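Following: one structure in structure tokens, then a few remarks.
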Amino acid sequence: QVQLVESGGGLVQAGGSLRLSCAASGRTAMSYSMGWFRQAPGKEREFVATIIWNSGNTYYADSVKDRFTISKDNAKNTVHLQMNSLKPEDTAIYYCKLTISYLAQSYWGQGTQVTVSS
396 QVQLVESGGG
406 LVQAGGSLRL
416 SCAASGRTAM
426 SYSMGWFRQA
436 PGKEREFVAT
446 IIWNSGNTYY
456 ADSVKDRFTI
466 SKDNAKNTVH
476 LQMNSLKPED
486 TAIYYCKLTI
496 SYLAQSYWGQ
506 GTQVTVSS
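All residue numbers for the sequence shown refer to the working numbering, where the first residue is 396 and numbers rise by one.
Next up, the structure:
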């Protein structure tokens, strides 16, 4: 089993920054990815960013490209999401997800609220 613990959400004014973190523990795998999704009220959960653990390759949604940066800390098995130039439309619950593709397994964190005021 894998456990994911998120931190770093909060309230910020438009144009501000926040940094989210997600720490993974338990039995991960040799090859996996970690990423962030978000869900705003009344909307479906959507992809934000992901990082392939072994290669470090990163992928972003168009809506956050050039504003958000995903990174990893190998020693702490933690992924970070640096969010800059935040907009009110970034307001959502942000969820961390770990995916082990070759085992068809995925795990979700509990979510952390990000609120951007105008």
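All C-beta atoms, glycine included, are put in the ideal place defined by N, C-alpha and C. These numbers were taken from a predicted model, which means no experiment stands behind them.
Using 9 Å as the threshold, is the C-beta distance between Ser428 and Ile446 below it?
Yes, the pair counts as a contact, with Cβ atoms nearer than the cut-off.
Can you list, in chain order, the residues of its chain with a C-beta nearer than 7 Å to that of Thr435? Leave out the 5 residues immediately preceding and following it.
Checking the displayed sequence, the identity of residue 435 turns out to be Ala instead of Thr. Excluding sequence neighbours, Ala435 sits near Thr486, Ala487.
Out of Leu498, Lys467, Ser513, Glu484, which one is the CA nearest neighbour of Gly437?
Out of Leu498, Lys467, Ser513, Glu484, Glu484 has the C-alpha closest to the C-alpha of Gly437.
How far does the beta strand (DSSP E) with Trp448 in it reach, from first residue to last?
Neither: Trp448 is in no beta strand (DSSP E) and is coded neither H nor E.
Is it buried or exposed for Leu498, if we count other Cβ within 10 angstroms and need 16 for buried?
It is exposed - the Cβ of Leu498 has fewer than 16 other Cβ atoms within 10 Å.
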